[in-house]
Structure formats: C-alpha cells, structure tokens
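Participant: Handing you a structure now.
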Amino acid sequence: MAAPVFYTISSVQYQGYKLTQRGPQVVLEAEDTDNPFQVWYKDDWWRFTEDKAGNPAFALINNGSKAALKADADATPSHVSLFTEYDRSKDTTLTTAWTLRAVSSSSEYVTIFSVALQMPLRLGIGASAPKPGEGVAAILNASSSSATGTWTLEAFVPKAYILQSQWVSQILVAKPPHTDVTFTSGAGSFNNELGVVGVNQANTNGVQEVWYKVPAASPLEDSNSSFFIISKMNGKALKGSTKPGDKVILTEFDPLDYNFVWSEDRSLSNGQRYLAINLANSDSKLHWFLPPDNEYQNAAYNHPLTLREATSSSNTRSQWSFVPFTS
Numbered sequence: 000m001a002a003p004v005f006y007t008i009s010s011v012q013y014q015g016y017k018l019t020q021r022g023p024q025v026v027l028e029a030e031d032t033d034n035p036f037q038v039w040y041k042d043d044w045w046r047f048t049e050d051k052a053g054n055p056a057f058a059l060i061n062n063g064s065k066a067a068l069k070a071d072a073d074a075t076p077s078h079v080s081l082f083t084e085y086d087r088s089k090d091t092t093l094t095t096a097w098t099l100r101a102v103s104s105s106s107e108y109v110t111i112f113s114v115a116l117q118m119p120l121r122l123g124i125g126a127s128a129p130k131p132g133e134g135v136a137a138i139l140n141a142s143s144s145s146a147t148g149t150w151t152l153e154a155f156v157p158k159a160y161i162l163q164s165q166w167v168s169q170i171l172v173a174k175p176p177h178t179d180v181t182f183t184s185g186a187g188s189f190n191n192e193l194g195v196v197g198v199n200q201a202n203t204n205g206v207q208e209v210w211y212k213v214p215a216a217s218p219l220e221d222s223n224s225s226f227f228i229i230s231k232m233n234g235k236a237l238k239g240s241t242k243p244g245d246k247v248i249l250t251e252f253d254p255l256d257y258n259f260v261w262s263e264d265r266s267l268s269n270g271q272r273y274l275a276i277n278l279a280n281s282d283s284k285l286h287w288f289l290p291p292d293n294e295y296q297n298a299a300y301n302h303p304l305t306l307r308e309a310t311s312s313s314n315t316r317s318q319w320s321f322v323p324f325t326s
C-alpha cells in the first residue's frame with residue numbers, strides 16, 4: 000500500500016508561491032515546507048462524480064485546518080473562496096467537489112475547476128501585497144484569462160526519519176509482510192497483537208523502520224510543532240487515543256481525525272537530541288511510553304507503545320529522537 004499523497008499547489012503566475020490557508024481565506028504565500036496550511040490532501044470521495052469534460056472530482060482538504068476548499072454558491076467574480084468544516088455526507092450541492100483540467104496535453108499546468116459552479120479557481124488582480132504574489136487572494140472567476148488561473152499540483156515529499164528511543168537506543172519498526180506494526184524481542188519473536196506499535200533493538204536497515212513526518216496543525220493552541228507519522232512500508236499512519244493506557248496503533252490514515260496528529264514536547268527533554276512525543280489532541284499531554292516488562296501482560300515479548308500522562312518524572316522510556324533517514 001502506498002503512502003497517502005499530499006500536495007502543494009503552486010501558482011504559475013507567481014513562481015515560488017503556494018496556495019495557503021490564512022484564517023478563513025485562501026491566499027498565496029511564499030513556499031514554507033514546514034507550514035501545514037500549504038499542504039493539501041486530495042480526498043477521492045467525489046471520484047464517481049465527473050465534470051462536463053469527464054474528469055473525476057475530488058475534495059481538497061487543508062492539512063492545517065482539516066477544512067475543505069469550498070465554492071460558495073453565492074460566489075461572484077470577486078468572491079474569495081471560503082473553507083467549511085468538511086462533512087462528506089452533508090455536501091449535497093457539490094460545493095467541495097473540484098476537478099483538474101490540463102492546459103494542454105504536453106503541459107503539467109492545470110486549472111482547478113469547481114464542479115458546482117462551473118468556474119475555475121483564479122487569483123485576485125490588483126491586490127496590495129508587500130511582495131509580488133504575497134497575500135494575493137484566490138477567487139472564483141469565469142474569466143478566460145489563463146495567467147491568473149493556472150496551477151501546478153506537486154506531490155509534497157515529507158522528510159523521512161528513523162524513530163529512535165533513548166531507552167537502549169531501540170527503534171520503531173513495521174513488521175513485514177503484514178500491514179500491521181508490532182515489535183520484536185532480541186531473539187526475533189513477534190507479538191501477535193495486531194496493529195500494536197512497539198520497538199526493535201536490531202537495526203534492519205530496511206523500509207520497515209522508515210517513517211514520514213508530515214506537517215499538521217493541532218487543535219490545541221498551546222501545542223508545539225505538530226505532524227502525522229506515516230510508515231514508508233505500508234502507507235498507514237500512527238494513531239493515538241485520549242484514554243491513558245491505550246496502545247498506539249498503525250491504521251488507515253484519516254485526514255479528518257485529530258488522533259493521528261502528534262506534537263513535539265521539548266519541556267520534558269533529557270537532552271537536546273531526545274524529546275517527548277505527545278498526542279496533540281490531548282489536554283492531559285498523553286505521550287508515547289515504553290512500559291517495563293512487569294507492566295505488560297506478556298513479558299516474553301518486547302514492549303508495546305502505550306500512552307500515559309506526561310510528568311516531570313518522565314524517563315528515557317518516553318524520550319525519542321527523529322534521526323534523518325538517508326537512502
């Protein structure tokens with residue numbers, strides 16, 4: 000299974016500027032690879048709906064807000080595109096359905112077309128901006144001008160890491176050939192709890208130990224840098240729970256579920272390299288923890304990854320390091 004594909008949307012007219020959510024508006028901002036509001040997820044919910052040209056539809060979900068790009072039914076040529084809380088089942092008017100139309104058969108440039116309003120997404124003209132392109136708003140406009148409504152969708156390539164625990168330098172791995180994640184003991188025995196996340200003391204130098212860190216935004220204002228963690232091997236994502244003691248699992252990615260969002264917590268760090276990884280959707284700051292053998296039901300296997308409240312007495316079992324992976 001391939002990893003979920005995330006995108007950035009670039010203006011052809013303003014090179015180096017990306018379609019970005021800024022509050023309730025969609026504007027252009029200079030490229031920032033750490034800005035989750037510049038990253039988009041294509042949801043194929045509308046794939047069986049086509050525009051008049053026969054192109055399959057999709058929704059564009061912003062990675063930062065989890066809201067979908069919306070074509071307002073009352074849009075005028077100067078109306079800025081709005082966002083709405085995305086609910087697949089309630090959008091009966093196709094306001095979040097979009098299609099791509101190639102400018103030509105030999106070009107990577109496309110127009111982004113509203114299925115509901117039959118108008119392309121374009122850029123506002125004459126907007127005041129501190130820099131060329133900066134802050135220019137996206138609008139819905141039936142104009143035939145191609146210069147302001149031409150885009151490129153580029154796959155966002157997230158950074159890849161090895162996740163290393165400070166506790167005896169164990170690393171997080173996915174167990175092939177299954178799509179679930181588990182952990183191994185030093186002797187190589189596997190725990191059979193499906194989907195439970197754990198660690199492996201061995202360094203396999205394989206794809207099962209590589210994880211993508213995709214920028215996201217937390218629902219909590221006091222959260223630090225937030226992200227999704229996705230397995231390179233099977234494309235599934237790490238999911239937490241707001242209940243202390245629950246295990247971290249690897250499952251199908253859902254861009255609308257905040258239990259897939261994690262954040263760094265350097266306040267409990269035992270050093271500059273290691274940090275705690277919290278569930279971003281938890282007021283109690285639940286973080287990853289490797290329990291000792293006597294806290295786990297089967298000590299014959301290595302330790303599953305569980306969630307517990309972060310405290311000042313946290314030790315090396317709750318400290319982690321993102322080690323850049325280079326192939």
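For the sequence shown, numbering that gives the first Met the number 0 begins at 0 and goes up steadily by one. Just so it is clear, CB atoms sit at the ideal spot from N, CA and C, and this is done for glycine as well.
Can you pull the DSSP bridge partners for Glu-263?
Facilitator: Ile-276
Participant: With DSSP collapsed to three states, give me the class of Asp-43.
Facilitator: helix
Participant: Less than 8 Å between the CB atoms is what I'm expecting for Thr-149 and Tyr-108, so what's the real figure, rounded?
Facilitator: 5 Å
Participant: Using only alpha-carbon positions, find the residue among Ser-164, Gly-234, Glu-49 and Trp-166 that is nearest to Trp-97.
Facilitator: Nearest neighbour of Trp-97 by Cα position, chosen from Ser-164, Gly-234, Glu-49 and Trp-166, turns out to be Glu-49.
Participant: State yes or no: is the C-beta of Phe-57 within less than 9 Å of the C-beta of Asp-71?
Facilitator: Their beta carbons are not under 9 Å apart, which means Phe-57 does not touch Asp-71 by this criterion.
Participant: Between Val-38 and Leu-68, how many whole angstroms is the CB-CB distance? I'm expecting something under 8 Å.
Facilitator: With a Cβ gap of about 13 Å, Val-38 and Leu-68 do not count as contacting.
Participant: Do you know how far the Cα of Leu-122 is from the Cα of Val-260?
Facilitator: 31 Å
Participant: Whether or not the region 89–106 and the region 234–242 are in contact is what I'm after, with contact meaning three or more pairs of Cβ atoms, one per stretch, closer than 8 Å; do they touch?
Facilitator: no
Participant: Do you know how far the Cα of Asp-256 is from the Cα of Thr-250?
Facilitator: 12 Å
Participant: Tell me the residue span of the beta strand (DSSP E) that contains Leu-139.
Facilitator: 137–139
Participant: Using the Cα positions of Ser-326 and Asn-140, report the straight-line distance between them to the nearest angstrom.
Facilitator: 45 Å
Participant: Return the CA-CA distance between Phe-321 and Leu-152, expressed in angstroms with no decimal places.
Facilitator: Spanning the two alpha carbons is a distance of roughly 28 Å.
Participant: Checking 9 Å against the spacing of the C-beta atoms, do Gln-165 and Arg-316 come in under that value?
Facilitator: yes
Participant: Quick check: what's the CA-CA separation for Phe-288 versus Thr-305?
Facilitator: 5 Å
Participant: Figure out for me which residue from Tyr-6, Phe-5, Leu-274 and Pro-254 has the closest Cα to the Cα of Leu-162.
Facilitator: Of the candidates Tyr-6, Phe-5, Leu-274 and Pro-254, Leu-274 places its Cα closest to the Cα of Leu-162.
Participant: For a test of the three-state rule: what should DSSP assign to Glu-133, helix, strand or coil?
Facilitator: DSSP, read as helix, strand or coil, puts Glu-133 in coil.
Participant: State the Cα-Cα distance for the pair Gly-53 and Phe-227, rounded to the nearest angstrom.
Facilitator: 34 Å
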